[in-house]
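J.: Take the sequence shown: its letters are residues -17 to -1, 1 to 404, numbered as in mature numbering (1 follows the signal peptide of the UniProt record, and there is no 0).
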Amino acid sequence: CFLLFFLTATSTSWVQAILNLHLLSSWAYRRLPPRDPPSGALVDGVLSQAVKELIKESKKSLEERENACVDPTLAIPMIRKGCTPSGEGADSKRRAETVPEEANYEVVPVEAYGLAMLRGMGWKPGEGIGRIFNQVVKPRVNSLRPKGLGLGANLTEAQDLTPTGPSRMPRPDEQGKDKEDQPQGLVPGGAVMVLSGPHRGFYGKVEGLDPDNVRAMVRLAVGSQMVTVSEYCLRPVSQQEFDKKALDLRQQNRTASLRKTLRNQELHIQQDNSERKRKHLPDRQNGPAAKIEKAAPRSQHWLHRDLRVRFVDKMYKGGQYYNTKMIIEDVLSPDTCVCQTDEGRVLEGLREDMLETLVPKAEGDRVMVVLGPQAGRVGHLLSRDRARSQALVQLPRENQVVELHYDAVCQYTGPSDTDED
């Protein structure tokens, strides 16, 4: 009990002493004078000292930069002092003394870009690419074909068109002769001959050239017709050859036209005579003889509707339709018909001697027999022999195969049931 009382008394006095000390310290703190805040002069001094240090460091770095070699790409262009401002905002803006030039990428070829990319990927000239088979492979460079020349065309023919001049300079007295003897080439005003196409064998003068399409405008000597022909179908000729051959061709055409007119007149006279004789024949004539007599004039003509024919008259309308293909639309008389071209032009009053039969190229096309005992029958083309001008035709109705000449068969475009009528 004594111990418990002692501890209680002691602890009470200890707590009381601590409380008294705390009160004394708080009273003493209130009795002390208040501290003054830091003066403004001290703050200004510190700031000014910091500014001075910064200025000193910047000057030091500028001096080091001026003394050292500086990369020009990092240089900042300065403002020109003596420039004359102009335009809007001239009072507030100044032009730069050195303006960086814009890169002209059009000057750099595409090959340079590609080589730069390859070098960036590790390529070096003369070294192969790859890890295992690192060998240099020479690229294949294909030679460019002439413009407008197809894949199936012959390059030698195109090379022949290039004019070859004389090896030496001609003398003054030979210049006039050489100009006439040597072809001028494919130039406006030059004489040429058509090698292929519907106007094959014709001579003419070059009126103009179309380099984009590799074609030439040629005025033909016969008929003065303007045609457009590929440059690879023309052969330059000399003026002497042009004058001679063109004149001969004109005379041949005139002679042929005269022969055709005389032949037509003779045919008309023969037809008139046969019709007169037929009118005066007695009615008691037997049947077979009459049939033979009626078939005689009919066998001379082969015109029929829906036949695809070729126009062969060079003098008709200046040779405009020479060697063109057309279809017989109507037969006005045994030797006169109306034809329509593939372009839709209708030609009336064409004579039989202006046309020739046309044999199709594809096997299996329909053809009509126009001459012989099977005239008027429609069949199918099995084959043709260009060397002998013979065609093998199958006639479905007769169930037979016949071999006919090109003049006795013609391409047929009519209805399929014509042979059954």
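By construction, the Cβ of each residue, glycine as well, lies at the ideal position given by its N, Cα and C atoms. All values derive from a computational prediction rather than experimental measurement.
Can you tell me whether DSSP reads LEU290 as helix, strand or coil?
T.: Correct three-state label for LEU290: strand.
J.: Who are MET176's beta bridge partners in DSSP?
T.: TYR186 and ARG218
J.: Can you tell me which of GLY168, TYR389, ASN87 and PHE116 puts its alpha carbon nearest to the alpha carbon of TRP285?
T.: TYR389
J.: In three-state terms, what does DSSP make of ILE115?
T.: DSSP places ILE115 in coil when its eight states are reduced to three.
J.: Does the separation of the CB atoms of ASP325 and GLN394 fall below 8 Å?
T.: No; because the gap between Cβ atoms is not below 8 Å, this pair is not in contact.
J.: Starting from ALA95, trace the alpha helix (DSSP H) in both directions and tell me its first and last residue.
T.: 93 to 103
J.: Based on Cα-Cα distance, which residue from LYS308, TYR299, HIS287 and LYS300 lies nearest to ARG293?
T.: Closest by alpha carbon: LYS308.
J.: Per DSSP, which one or two residues make a beta bridge with HIS363?
T.: HIS363 is bridged by DSSP to ARG349 and GLN377.
J.: Let's test the definition: count the other Cβ atoms within 10 Å of the Cβ of ILE275 and tell me whether it reaches 16, buried, or not, exposed.
T.: Note that ILE275 scores 37 on pLDDT, short of 50, meaning its location in the model is unreliable and no value can be drawn from it.
J.: Name the DSSP beta bridge partners of HIS388, please?
T.: HIS388 pairs with GLN373.
J.: Cβ atoms of ASP318 and ARG334: under 8 Å apart, would you say?
T.: yes
J.: For a test of the three-state rule: what should DSSP assign to SER126, helix, strand or coil?
T.: coil
J.: Sort out for me which residues DSSP pairs GLU339 with in a bridge.
T.: The partner list for GLU339 (beta bridge, DSSP) reads ARG293.
J.: In this structure, how does DSSP classify GLY302 when only helix, strand and coil are distinguished?
T.: Under the three-state reduction of DSSP output, GLY302 falls in the helix class.
J.: What distance in whole Å lies between the Cβ atoms of ALA174 and VAL220, which are believed to be in contact at a cut-off of 8 Å?
T.: 5 Å
J.: With a Cβ-Cβ cutoff of 8 Å, do SER213 and VAL197 count as a contact?
T.: yes
J.: Which partner residues of LYS42 appear in the DSSP bridge assignment?
T.: According to DSSP, LYS42 bridges with nothing at all.
J.: Can you tell me whether LEU203 is buried or exposed, with buried defined as 16 or more other CB within 10 angstroms of its CB?
T.: buried
J.: Can you give me the C-alpha to C-alpha distance between LYS228 and ARG291, rounded to a whole angstrom?
T.: 32 Å
J.: Taking C-beta to C-beta, are VAL352 and VAL392 nearer than 8 Å?
T.: Annotated as proximal: VAL352 and VAL392, with beta-carbon spacing under 8 Å.
J.: Classify residue 411 as buried or exposed, calling it buried when 16 or more other Cβ atoms lie within 10 Å of its own Cβ.
T.: A question about residue 411 goes unanswered here, because the residues of the chain that appear run from -17 up to 404.
J.: Pull up the CB-CB distance for VAL342 and GLU331, whole angstroms please, since I reckon it's below 8 Å.
T.: VAL342 to GLU331, Cβ: 26 Å. No contact.
J.: With DSSP as the reference, label LYS107 as helix, strand or coil.
T.: coil
J.: Apart from the five residues just before and just after GLN323, which ones in its own chain have a Cβ nearer than 7 Å to its Cβ?
T.: MET309, ILE310, GLU312 and VAL329
J.: Leaving aside the five residues before and after GLU346 along the sequence, list all residues of the same chain whose C-beta is less than 7 Å from its C-beta, in chain order.
T.: LEU364, LEU365 and SER366
J.: Among GLY172, GLY191 and MET209, whose alpha-carbon lies nearest the alpha-carbon of PHE225?
T.: GLY172
J.: Where does the unbroken beta strand (DSSP E) through GLU331 begin, and where does it stop?
T.: 329 to 334
J.: Would ASP296 be called buried (16 or more neighbouring beta carbons within 10 Å of its own) or exposed?
T.: Flag for ASP296 reads buried.
J.: May I have the straight-line CA-CA distance separating ARG218 from LEU354, to the nearest angstrom?
T.: Straight through space, the alpha carbons of LEU354 and ARG218 are spaced by roughly 40 Å.
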